[in-house]
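K.L.:
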Amino acid sequence: MTDPLLTVRDFSVEYDVTPPVKAVKNVSLQLQRGEILGLAGESGCGKTTLAYGVQRLLRAPAVITGGDVVFHDAKAGDIDVNALDAGEMQRFRWDKISMVFQGAMNALNPVATIGAQLDDVFAVHRPQMSKAERRRECEQLLEIVRVGKERFRSYPHELSGGMRQRVMIAMALALRPQLMVMDEPTTALDVLVQRDILKQISELRHEFGFSVIFITHDLPLLLEISDRIAIMREGEIVELAASRDIWERPQHEYTRKLLSSFPRLTGAKGVLVR
Ligand SMILES: Nc1ncnc2c1ncn2[C@@H]1O[C@H](COP(=O)(O)OP(=O)(O)OP(=O)(O)O)[C@@H](O)[C@H]1O
């Protein structure tokens, strides 16, 4: 049975430069509710353009040249993302989708406590909440991402890179989005911290029911965390299948090539965190 959250049909994006770059070409995919979908492919294949494009986060010279994006909202029913005006789009983005960027942990304001920065998310987007309610929510979020509520008054420099990235995940979780887009969220962290955070993301999506689009070059990592993986090449999805199938019986020649370029995949199998 399917329960889609996002349906993308024939989606194309071009960069209007000379010569023009067709960065995403007629991509169709459906993301299920609660699913982690990995987007893999070598640098420049269009992963970021696709993930940003479906949220209309691209700026000129990027032009969406075709396609539909429908968000199947749990409460409001189907939303045609292309039809939203700028104001609606902004509210939609904050309410329904959140993003964790590569190196996001360095985007924290160094002169404000992490508590104040988390509090800001609620103060701006949930103005009806009282100060006490906001405080409670922030502390709860810090507990959920295992930073600990006692860190509420810490400054970013007082936390490790892994903890700062967890704070960013707490911010992304704050408004209880239905979709989280993660663009290389753990690349800058060491492997053990990375694993721990990924495991937690996987647990949280079960707990909160959000879906994840996870972008990375790191195919072995995607095989561990994703339910399904889309392999992109030169703007097209050449294969989209369950992670296990991508690993055990890749259909496309390019998928096989990509798999063979990761030596650690040929050794002992890792433990799946899903
Ligand atoms: N602002 C821009 N102007 C022109 N071309 C661009 C622009 N941004 C991206 N491109 C081109 O679009 C294509 C897709 O880029 P994109 O960043 O989406 O790929 P990616 O798979 O996310 O790469 P990476 O993994 O390196 O981030 C590439 O050929 C890139 O050079």
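Residue numbering for the sequence shown follows UniProt numbering, starting at 1 and increasing by one per position.
The beta-carbon is built from N, C-alpha and C at its ideal position, and this holds for glycine as well.
Note that the structure is a prediction, hence the values are computed from the model and not measured.
(1) In terms of residue numbering, what span does the beta strand (DSSP E) encompassing A170 cover?
(2) Can you list, in chain order, the residues of its chain whose CB lies under 7 Å from that of E203, leaving out five sequence neighbours each side?
(3) When the Cα atoms are used, what is the spatial distance from V271 to E224?
(4) Pick helix, strand or coil for Y254, following the three-state DSSP scheme.
(5) Residues in its own chain within less than 7 Å of G162 by CB, not counting five upstream and five downstream?
(6) Please say whether R56 and V81 have beta carbons closer to each other than 8 Å?
(7) Looking at L61 and ligand 1, is the gap between the Cβ and the nearest heavy atom below 7 Å?
(8) According to DSSP, is A4 helix, strand or coil?
(9) Find the nearest neighbour of D183 within the set A174, I169, V8, V191, judged by alpha-carbon distance.
(10) So the candidates are R9, R176, R256; which of them puts its Cα closest to the Cα of D95?
(11) For S28 versus G66, is the C-beta distance shorter than 8 Å?
(12) Flag A40 as yes when its Cβ comes closer than 7 Å to any non-hydrogen atom of ligand 1, and as no otherwise.
(13) Quick check on this structure: which residue in N106, F214, A132 has the alpha carbon closest to the alpha carbon of I36?
(14) What beta strand (DSSP E) runs, 3 residues minimum, are completely inside the segment 51-94?
(15) Just checking G103 against ligand 1 - is the residue's beta carbon closer than 7 Å to any of the ligand's heavy atoms?
(16) Check whether the Cβ atoms of L84 and A230 lie closer than 8 Å to each other.
(17) Specify, as a first and last residue, the run of the alpha helix (DSSP H) that A132 falls within.
P.N.:
Looking at the atomic coordinates:
(1) A170 -> not in any beta strand (DSSP E); alpha helix (DSSP H) instead, spanning 161-173.
(2) For E203, where only same-chain residues beyond five positions count, there are no Cβ hits under 7 Å.
(3) At V271 the pLDDT is 46, less than 50, meaning the model places this residue with poor confidence; the figure from the coordinates comes in the next sentence. Straight-line Cα distance between these residues: approximately 7 Å.
(4) Looking at Y254 - three-state DSSP - the assignment turns out to be helix.
(5) The answer, listed in chain order, is L189, V193, I197.
(6) Taking 8 Å as the cut-off, the beta carbon of V81 is found closer than this to the beta carbon of R56.
(7) With the sequence shown as reference, residue 61 is identified as Pro, and Leu is not the correct amino acid for it. For ligand 1, at least one heavy atom lies less than 7 Å from the Cβ of P61.
(8) One point to set straight first is that residue 4 is Pro, not Ala, in the sequence displayed. Under the three-state reduction of DSSP output, P4 falls in the strand class.
(9) With respect to the C-alpha of D183, the residue from A174, I169, V8, V191 having the closest C-alpha is I169.
(10) Measuring from the Cα of D95, the nearest candidate turns out to be R176.
(11) Contact flag unset, no.
(12) No, Cβ of A40 sits at least 7 Å from all heavy atoms of ligand 1.
(13) Comparing Cα-Cα distances from I36 to each of N106, F214, A132, the minimum goes to F214.
(14) Runs of the beta strand (DSSP E) lying entirely within the segment 51-94, each at least 3 residues long, are 62-73, 77-80 in chain order.
(15) No, Cβ of G103 sits at least 7 Å from all heavy atoms of ligand 1.
(16) No, the Cβ-Cβ distance between L84 and A230 is not below 8 Å.
(17) Segment 131-144, the alpha helix (DSSP H) holding A132.
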